[in-house]
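Working notes, beginning with the structure itself.
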Amino acid sequence: MGLSLHISIVPVIMMVVSLQVWLSLGCFEEERVALLNLKDSLNYPNGTSLPSWRKGDARCCDWQSITCNSSTGRVIELDLWDVRNGELGDWYLNASLFLPFQELNSLNLMDNQIAGWVENKGVYQPFKMSKLEELYLSFNRLNNSIVSYMDGLSSLKTLSLRYNRLEGSIDLKECLSNLETLDLSDNNITKVVASGGVSQPFKMSKLEYLNLRYNRLDNSILSYVDGLSSLKTLYLGYNRLEGLIDLKECLSNLETLDLSDNNITKVVASGGPTNLSTLVLNNITAYGSSFQTFLQSLGAFPNLTTLFLGFNDLRGRILGDDLRNLSSLEELYLYGCSLDENSLQSLGALPSLKNLSLQSLSGVVPFQGFLNLKNLELLDLSGNTLNSSIFQAIGKMTSLKTLMLQGCSLNGQLPTTQGFLNLKNLELFDMSYSTLNSSNIFKTIGTMTSLKTLMLNDCSLNGQLSTGLCDLNHLEDLDISSNDLSGFLPPCLANLTSLQQLDLSSNHLKIPMSLSPLYNLSKLESFDGFDNEIYAEEDDHNLSPKFQLKSLSLSSHGQGARAFPKFLYHQFNLQFLDLSNIQIKGEFPSWFIENNTYLKSLYLENCSLSGPFLLPRSSHVTLSILSISMNDFQGQIPAEIGAYLPGLQVLLMSDNGFNGNIPSSLGSMSSLQLLDLSNNFLTGRILSNNSLQGQIPGWIRNMSSLEFLDLSRNNLSGPLPPRFDASPKLRYVYLSRNKLQGPIATNSTTPRSYWH
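In case it helps, mature numbering (1 follows the signal peptide of the UniProt record, and there is no 0) puts the sequence shown at residues -26 to -1, 1 to 730.
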């Protein structure tokens, strides 16, 4: 028995050892090499994308845009959406680069300027990824030949070729018979045929989603969908369909249909999609009696729950009569339509409606006495000219959860009538861009305790924040920015324990830098106090807040704070921090970068900071924007800045007291787009308005993402560099007031401007 137990344990030990070997190596070597080759191809001739893909790093499963199978360690997903620098021109991809990825399931190459495939010895080589199920190639420059490369993708379920250069007749191969999702929208296709060029139905019995919007297809496309018995979603909007549209029996499973922006007069269903639930008919170009016939023909779809009729002329139409057979209709979208009083009032004949959008209607809209819709849950009247009488009608909609009145020219006070205030189910209320004047509105709204989202930005509110606001203890998102509010934050804000987003920016509020009134808000993730009066309390709290912020902006004007607020020492999830123009004093907070590993943007302009510029103790790859201009930093810029902050795209250090040489490690910042070191006391080499002398250093050419370079007002001499072209994004170069010699050499096709 002991021997048997020993033998049975051996495979387990071998499996564990194998797993440990994979974990230590990070991924399979052939896949790591293939990824590096793919990076080289994607960056050809001199791009800098995917900096985390490094030759000396074996852990490719930790690289950006890569997902590996947690059991096998194989790459299963590559998400390379918009990775290639557009200024590098067309990308011709070699399909053989993907051969090592034996378990690749999803490949996203959208928006990478792919214009075609590299052929091997004059013969096209198709994709050969037997397990690939998802392929995204939208927003590229591919033509009809792309279909020829699909022969080896027998497992493909999702194919997206939106916004390419497909045109004319497109031949779909039989190898795509397992497709479930196909997107060919935003091309110039006139016909879709089966393999061999024969005009016959699609042979894709598993296809559930087909998007053909924004092409040049005519009614013949309807005969091609006969074989799509599983189709649930069909988008044919913005084509050249006209007259009568007959939906075939083969579309019996269709649930969503878009026929927008076609010249349709009637829709019939010959035993077809009785399960159709969503119909999109925006901007239909039928007129007069044809439109009446068209609307009445919709009775063929008794299970319709959602109907879009946006941007149509519905004047003279009694919509309630036209749509009376749609007894299941719950959502009706009439945004941008032309309506008259009769059309509007007739909607009361649709008692099952839950969502109604009447956004930006044409002309003056009479809302008096309309809408006896007691089941309505969402009403959007944004972009119309309304008066306060609208609230009397709204007060009858006792089921309302979402009310959008953005930009409706409403003036004065909210009504205190019990009808409107008794909307006990209201969760979202948006009256942005109105003229409400007094902050007493909060006393009125404070009775609507079910609110989760309140948007009152740019409403001309003035006075102090009313404590009535503090009764909204279910509130999650509050935006009262761009008003004229003043005074201190009321302590009762601590009652808003559900709050996640708070925007008080662009007011005249007095906000303590400690944010002490908000300490109790454990769910708070974002606070914007920009352009208010920020002040330092006499006793900065030692208590740590309950919240962990992701975004904080206090960029404003205010008195000296003497030090960074103590609550920042307890924040570890911040991605964005802006404390500009607050007189904090003290040294650079390298500890803050160390504590917040997800930090992307740090703005500390004009904060009276001094001393040396301190780097974090370890490399911080996510930081992309660092602005510390207009402070009093002294000493040299650390020589290792390029190694410790390799992901910087914007570095602003102007108007300080830095001296010494500019570190050459800046040249290793391959993502750097904007660098400003002007108005310092730098010596040696480069940038504007310093004491620089000597020749322009060669490492400037390594900054391949650089767009703006200012070398003016120094004492530079000698010849210009032989090439600025190694920086493909470089557009502006300032060379004036130096002693440089020689011509400006450039072979680039990128437009550039030189001042010298």
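A virtual CB, placed ideally from N, CA and C, is assigned to each residue, including glycine.
One alpha carbon belongs to D160, the other to S15, and they sit about 27 Å apart. Using a Cβ distance threshold of 7 Å, S271 and K222 do not count as a contacting pair. Excluding the 5 residues flanking it on each side, F501 has same chain C-beta neighbours closer than 6 Å at L476, L526, in chain order. Beta-bridge partners of K240 (DSSP): L218.
Looking at the backbone, the Cα of S143 and that of T164 are separated by about 6 Å.
The DSSP-derived three-state label of G442 is helix. The shortest CA-to-CA distance from P74 to any of V7, I599, E351, L318 is the one to V7.
The residue among V242, K484, S334, L410 with its C-alpha nearest the C-alpha of S362 is L410.
In the three-state reduction of the DSSP assignment, A32 falls in the coil class. Spanning the alpha carbons of T372 and M604 requires a straight line of approximately 56 Å.
Assignment of N114 by DSSP, reduced to helix, strand and coil, places it in the coil class. M643 sits close to G616, with the two beta carbons spaced by under 7 Å.
Ranking G437, E4, L428, L218 by CA distance to the CA of N481 puts G437 first. Residue burial annotation: D31 is exposed, with fewer than 16 other C-beta atoms found within 10 angstroms of its C-beta.
In chain order, E561 place their CB closer than 6 Å to the CB of G585, counting only its own chain and leaving out the 5 sequence neighbours on each side. Between the C-alpha atoms of N249 and S151 there is a straight-line separation of about 24 Å.
Taking the Cβ atoms as the reference, L210 lies roughly 14 Å from L181, outside the contact range of under 8 Å. Exclusion of the five residues before and after S23 leaves K13, L16, N17, V57, R58, N59 as the residues of its chain whose Cβ lies within less than 8 Å of its Cβ. Sorting N213, L208, L196, K177 by C-alpha distance to the C-alpha of N189 places N213 at the top.
Judged by DSSP in its simplified three-state form, Q319 adopts helix. Cβ contact annotation for N79 (same chain, cutoff 8 Å, sequence separation greater than five): I50, E51, K105, L106, E107, E108, in chain order. Per DSSP, the beta bridge partners of G585 are F607. If you draw a straight line from the Cα of V254 to the Cα of Y407, it is about 30 Å long. Annotation note: the stretch 256 to 307 contains the following uninterrupted alpha helix (DSSP H) runs of length 4 or greater, listed N- to C-terminal: 262 to 270, 293 to 296. In summary, S601 is buried, with 16 or more beta-carbon neighbours lying within 10 Å of its beta-carbon over all protein chains present.
Between the alpha carbons of F566 and L402 lies a distance of about 36 Å.
In this structure, L62 keeps its C-beta atom at 7 Å or more from the C-beta atom of G90. Per DSSP, the beta-bridge partners of S336 are S312. Taking the C-beta atoms as reference points, L327 is found no nearer than 7 Å to L355. Burial is judged here by how many other beta carbons sit within 10 angstroms of a residue's own beta carbon; P19 has fewer than 16 and is exposed.
Our two residues, L446 and L523, have alpha carbons roughly 21 Å apart in a direct line. CA-CA distance, T427 to L330, rounds to 19 Å. Just so you know, the alpha carbons of K375 and Y198 end up roughly 43 Å apart. According to the DSSP assignment, N569 belongs to the alpha helix (DSSP H) that extends over 564 to 569.
The residue from L81, V167, N138 with its alpha-carbon nearest to that of K131 is L81.
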